[in-house]
Structure formats: structure tokens, C-alpha cells
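Counting in the numbering used here, the sequence shown runs from 5 upward without gaps.
Here is the structure we will look at.
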Amino acid sequence: GAARVEPRWCGPGRRGVAVRTAGPVLNRGDLLRRQLERGDRAAEVWVIVNSIGAVDPSVEDAVRDLENQQRPGVRVRVERIAGNLGVAGSWNLIMDHFGGDCVISNSDIEFAPGILREAMAKIEARSDIVLHHLWAASCFYVSAAFPATLGWFDENIYPAYHEDQEIRLRSGAMGVLVEATHLQLGT
5 GAARVEPRWC GPGRRGVAVR TAGPVLNRGD LLRRQLERGD RAAEVWVIVN
55 SIGAVDPSVE DAVRDLENQQ RPGVRVRVER IAGNLGVAGS WNLIMDHFGG
105 DCVISNSDIE FAPGILREAM AKIEARSDIV LHHLWAASCF YVSAAFPATL
155 GWFDENIYPA YHEDQEIRLR SGAMGVLVEA THLQLGT
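Spelled out as C-alpha cells, the structure:
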């Protein structure tokens, strides 16, 4: 059998390592701002700003505010991409940066109070699973073993749509179990 992969992160007060979240954003800075200002917060946040032509001014405003506001216990990184990596390319960049072991979400997801801790507990209980869908393809956790087990998201699916379905079909064809845990994310 495959070796058990232990998650390297957990909620506050549990082994002292913090959750990491990341996601690509193209437009609707108001949704990004709402995600980062309400509910649960991760200890490390990475925002990838994709652009088609000029960056959406609402995204630029939200990102500038994010960079200027220091939140205790929260480390923020913003990556501005000259162009558009597409969804799969952005997700792969996130996995490469963190070595997997992170939550990837759309910028329109809100984390209700306590939801990240609940998600982490469920993930920790099923640490043999490399992909946990927390809210379909809009919010999911990839383990450190994800790239070695399933490979990378298919960047030939560009700019967006169906990269999540392709990975589900691939996991089924390879006999890799994927967990679907639908959490009450927003308020």
C-alpha cells in the first residue's frame, strides 16, 4: 500500500502550523476584499492576479489595500502575472509554491467562522486522500502528495472551465480516491 501522508498544517493551537490558502483572481475585487475581510482567515494567503490587458481596477484597489493592511498573524503575498495563466496554470503555480498542502479557492468564497478549523479536522482524519473538495471545485485542499499521485492540473484546458472535471476523471481512471466534503463556507 501507499505510505500514509500526514498533513503538515493544522488549525490554531494544534501543532503550531497554520493553514495556507491561495487563489487566482481576474476581476471582481469586491469579492476578493469580502473573502479576506470576513470570517475565518488563513495564516498565509497568496493571491495571484491574472490580467487580460489592464488589471481590473477593483482588483488593483483590493490588492493594494491587502498589501497595506497588516493583519496580526496573517502573512500575505500578492503575485501579479503579466497575462493570464488560466485556472489550471494558476492552481499549478500555487501547488508548486506551497508544495501542495494548501487550500485553493475562488475569490468569491467566504470562510464562515470556524470553517477552516472544521475543514482541517476532516482533512486530518482522512490524510490518505490527496484531493478534498470542500465546496466542489470552488474550494479544495491538495495534499503534498497530490502532484506525485495525480500529476498537475491540465494547462491545455485554457483559460478556464473543466480542469476540475478532468482531474476527477483522471483520479477515477487511476483508482485514486477523492473526498467530497461540502462545508458551509459563507454566511
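Cβ coordinates follow ideal geometry from the N, Cα and C atoms, glycine included.
Query	Result
Within the region 24-54, ranges of the alpha helix (DSSP H) (whole runs, at least 4 residues)	33-41
The region 137-150 / the region 53-62 touching (three or more Cβ pairs under 8 Å)	no
C-beta contact flag for residue 123 and residue 138 at 7 Å	yes
Every unbroken alpha helix (DSSP H) inside the region 127-163 [4 residues or more]	150-154
Distance cut-off 6 Å: residue 54 Cβ against heavy atoms of the ligand ZN	No copy of the ligand ZN appears in this structure; indeed no ligand is present at all.
For residue 90 and residue 117, the rounded distance between their alpha carbons	30 Å
Distance between beta carbons of residue 53 and residue 29, contact taken as under 8 Å	6 Å
Distance CB(residue 27)-CB(residue 108) smaller than 7 Å	yes
Alpha-carbon spacing of residue 12 relative to residue 131, whole angstroms	Low confidence applies to residue 12: its pLDDT is 36, below 50, so where it sits in the model is not reliable enough to give any reading.
For residue 96 and residue 157, the rounded distance between their alpha carbons	6 Å
Cutoff 7 Å; reference residue 181; Cβ partners in own chain excluding five residues on either side	133
Same chain, Cβ closer than 6 Å to residue 83, five either side skipped, listed in chain order	52
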